[in-house]
Amino acid sequence: MTQTTPVDELRGLLPAGRVVTDPAETEPYRHDWTRMPAGRPLAVVLAENAADVQAALGWAARHRVPVVPRGTGTGLAGGATAVEGCLVVSTERMTAIEVDPATRTVVAGAGALTSAVKDAAALHGLWYPPDPGSFRISTIGGNVATNAGGICCVKYGVTTDYVMGLDVVLADGRLVTLGGRTVKDVAGLSLLKLFVGSEGTLGVVTRVVLRLVPLPAPSATLVAWFDSTRAAAEAVVAMSLRVRPSMLELMDTGAVNAVEDFRPMGLDRDAGCLLVGQSDAPGTAREAEVAVMVACCEEAGALRAYALDDPVEGDLFLEARRAAGPAIDALGDVLAEDVCVPVDRLPVAMARIEAVAAATGTPIPVFAHAGDGNLHAAIVRTPGDEDSARRAQEAFEAVLQVALDCGGTISGEHGVGRTKVGVLPRQLGPDVMDVGRRVRDALDPLGILNPGVLW
Ligand SMILES: Cc1cc2nc3c(=O)[nH]c(=O)nc-3n(C[C@H](O)[C@H](O)[C@H](O)COP(=O)(O)OP(=O)(O)OC[C@H]3O[C@@H](n4cnc5c(N)ncnc54)[C@H](O)[C@@H]3O)c2cc1C
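The sequence shown begins at 127 in this note's numbering and counts up by one.
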């Protein structure tokens, strides 16, 4: 007589086609964008609704199987990396989207792409602002789990600022609904936000209610070239005292040259740094705001600083900035950092990162959401070169320390995941780590949800 295995039991709990075990089919679910070493999953559940996720988590709890929640695996902190023998729970099939113009909300399945949510809102003249560079390929559930940021955060905030409600499947398989479509809700403890940014360690998000805002006015754009990153960073600090840009992005010479190699756009390869800013203030206020931004750049010693009133021309510079990530990825193996410092510490942080690059002999092109002090220091390793890998790891740790020394954080938007887990106690200290662990233990006493992430 053949014995029923736990995986057979799982198959029996879900409709046909939703449990995948063939290694060739589970392979695409092992890694996230970091490509860090991964284990082999026991199975992947391709959930189509909350009931599927409940069945999967209930089964995992009964059999003490670790669970790795997953959107589309664009994460840059190793959070969706499979651990050996785990159950990957993928939300990629949960893509329903419904916009409610009356309450200016959208209800989206966790697997809906961020761009699909934005497009659905735009059909009603509404806007979902958070815009991670991955918005065309990342899921809204992944954005909630990492509290994703992006280019417009400097004025419009991050994912959590738009989350009004969540459906979450807990580690024991229960489904809870937190918040909803009301702007005001002070009934009970504010548990909703506990799950935002929890990186799959407290539950699996199945449905998200998001706040929408009116579409912004067209933007006017600032373009400024500097001979040094320090001068550009000083211009950013000056701007933060005087204007409220809708985006303010920086690319150092390494990032500019990577983009030119990858997709030639006529950027100035010889300048030390490029700043691109935008204002979407209403009416003539946007030209006035960009004029102040130009003045701040000139006062900080810009080589050239000018305004572009044509939104199409401005968007070309935005595209150049968006190309920085993929362009730098093409240079080699990249350890992606997303440290964030108080904006007045930006000049110091940039100078210290340049010093880390020199001391470790490691290329570290930097592109940044400069307006909110969020720096993407991209540490480039030579593939297959052990010495380069060792120096890159040294640089990775040193850049995290720069952020802490500047009173900042080791992660502004990608999350701690598995890549920065060892450094988190240095930022939070023992008491805050302990509080976090106790919350995790209360919600997931068996410790099955995303082990190795955060703790
Ligand atoms: C080219 C590129 C540009 C990027 N730009 C940005 C940027 O500007 N800003 C930014 O913040 N990030 C950026 N990212 C990182 C990444 O896209 C975000 O972290 C995104 O939110 C991850 O979404 P995902 O669906 O791919 O999640 P995954 O990578 O699948 O998962 C990420 C984490 O969330 C957890 N998770 C996923 N879905 C759920 C769920 N439903 N319930 C519970 N936990 C879940 C996973 O376990 C994991 O810990 C970029 C990535 C790339 C490749």
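The beta carbon of each residue, even a glycine, is placed where N, CA and C say it ideally should be. Remember, it's a predicted structure, so these values are computed and weren't measured experimentally.
For the alpha helix (DSSP H) containing I505, name the first residue and the last one. Element bounds for I505: not the alpha helix (DSSP H) but the beta strand (DSSP E), N500 to R507.
On the criterion of 16 or more Cβ atoms from any shown chain inside 10 Å, does Q129 qualify as buried, or is it exposed? exposed
What are the uninterrupted segments assigned as alpha helix (DSSP H) that are 4 or more residues long and contained completely in the segment 230 to 271, given in chain order? 240 to 248
Would you be able to state if there are at least three C-beta pairs under 8 Å between the segment 423 to 432 and the segment 352 to 360? yes
Element boundaries [alpha helix (DSSP H), containing A567]: In the sequence on display, residue 567 carries Asp and not Ala. Looking at the DSSP string, the run of the alpha helix (DSSP H) that includes D567 is L550 to L569.
I want to check one thing, is the minimum distance from the CB of R219 to the heavy atoms of ligand 1 below 6 Å? no
Assuming P291 and L304 make a contact with CB atoms under 8 Å, what is their CB distance in whole Å? In the sequence as presented, Pro is not what sits at residue 291; that position holds Gly. With a Cβ gap of about 6 Å, G291 and L304 count as contacting.
Going by C-alpha distance, which of G578, P408, P132 and M377 is nearest K546? G578
Nearest to G138 by CA position, among R166, A164, V171 and P149, is which residue? V171
Under the three-state reduction of DSSP, which class applies to P489: helix, strand or coil? coil
According to DSSP, is H189 part of a helix, a strand, or is it coil? helix
Do A384 and A297 have their beta-carbon atoms positioned less than 7 Å apart in this structure? no
Considering only heavy atoms of ligand 2, does any lie closer than 6 Å to the CB of E375? Although ligand 2 was asked about, the structure shown includes only ligand 1 as ligands.
Skipping 5 residues on each side, what residues in its chain have a beta carbon closer than 7 Å to that of V209? G165, P192, V194, P577 and G578
For Q129, which three-state DSSP category applies? coil
Could you give the residue range of the beta strand (DSSP E) that holds S405? C399 to S405
Through-space distance from G543 to A518, alpha-carbon basis: 19 Å
Nearest-angstrom Cα separation, counted from V369 out to Q527: 30 Å
Own chain, CB closer than 8 Å to A417, minus 5 neighbours either side, in chain order: A433
Cβ-based burial, V312 [other Cβ within 10 Å; buried from 16]: exposed
Does the contact criterion of 3 or more C-beta pairs under 8 Å hold for the segment 531 to 542 versus the segment 460 to 477? yes
Report the option in V280, V331, D245 and T285 whose CA atom is closest to the CA atom of N175. V331
Can you look up I223 in the DSSP assignment and give me helix, strand or coil? strand
With H, G and I counted as helix, E and B as strand and the rest as coil, what does DSSP make of G291? strand
7 Å Cβ shell around G538 - same chain, five flanking residues per side excluded: G275, D464, V465, C466 and N500
Is there contact between the segment 484 to 497 and the segment 549 to 567, where contact requires at least three CB pairs shorter than 8 Å? no
Pull the bridge partners of V170 from the DSSP assignment, please. V146 and V214
Confirm the yes/no value for this check: CB of L198, any heavy atom of ligand 1, distance under 6 Å. Note that residue 198 is Thr in the sequence shown, not Leu. T198: yes, Cβ under 6 Å from ligand 1.
Please report the distance separating the alpha-carbon of T221 from that of R478. 43 Å
I want to check one thing, is the minimum distance from the CB of P167 to the heavy atoms of ligand 1 below 6 Å? no
By a C-beta neighbour count over all protein chains shown, 10 Å radius and 16 as the cutoff for buried, is L249 buried or exposed? exposed
When we look at the beta-carbon of L252 and count the other beta-carbons within 10 Å, is it buried (16 or more) or exposed? buried
How many Å lie between F522 and A456 at the Cα? 19 Å
Is P255 near ligand 1, judged by its Cβ being under 6 Å from some heavy atom? no
Taking 6 Å as the cut-off, is the C-beta of V335 nearer than that to any heavy atom in ligand 1? no
Are the CB atoms of S241 and T200 nearer to each other than 7 Å? no
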